[in-house]
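Chemist: Okay, so the sequence shown: first residue is 1 according to full-length UniProt numbering, each after it adds one.
Ideal Cβ placement from N, Cα and C applies to all residues, glycine included.
Before I ask anything, let me first share the structure, which is written out below as structure tokens.
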Amino acid sequence: MDYFMEFINTMGFPIAISSFLLIRLDSKLEQLNKTLIQLLETVSKKNK
Numbered sequence: 001m002d003y004f005m006e007f008i009n010t011m012g013f014p015i016a017i018s019s020f021l022l023i024r025l026d027s028k029l030e031q032l033n034k035t036l037i038q039l040l041e042t043v044s045k046k047n048k
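Put into structure tokens, the structure is as follows:
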């Protein structure tokens with residue numbers, strides 16, 4: 001049991017930081033995706 005608690009204490013900080021960064025990155029990737037879709041729609045309308 002002590003080994004398990006030590007493992008959680010050791011790995012908890014990196015996991016928390018990784019989760020935080022992934023959540024922040026996810027919202028930025030969603031915005032980038034929306035922007036690219038708008039760009040593709042605009043370009044396709046101008047090419048018609």
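Quick check on Lys-46: does DSSP put it in helix, strand or coil?
Modeler: Three-state DSSP puts Lys-46 in a helix.
Chemist: Determine the direct distance from the alpha carbon of Ile-15 to that of Leu-22, and round the result to whole angstroms.
Modeler: Each residue's alpha carbon lies about 10 Å from the other.
Chemist: For Tyr-3, collect the residues of the same chain with a Cβ closer than 7 Å to its Cβ; drop the 5 residues on either side in sequence, then sort them by chain order.
Modeler: Contacts found: none.
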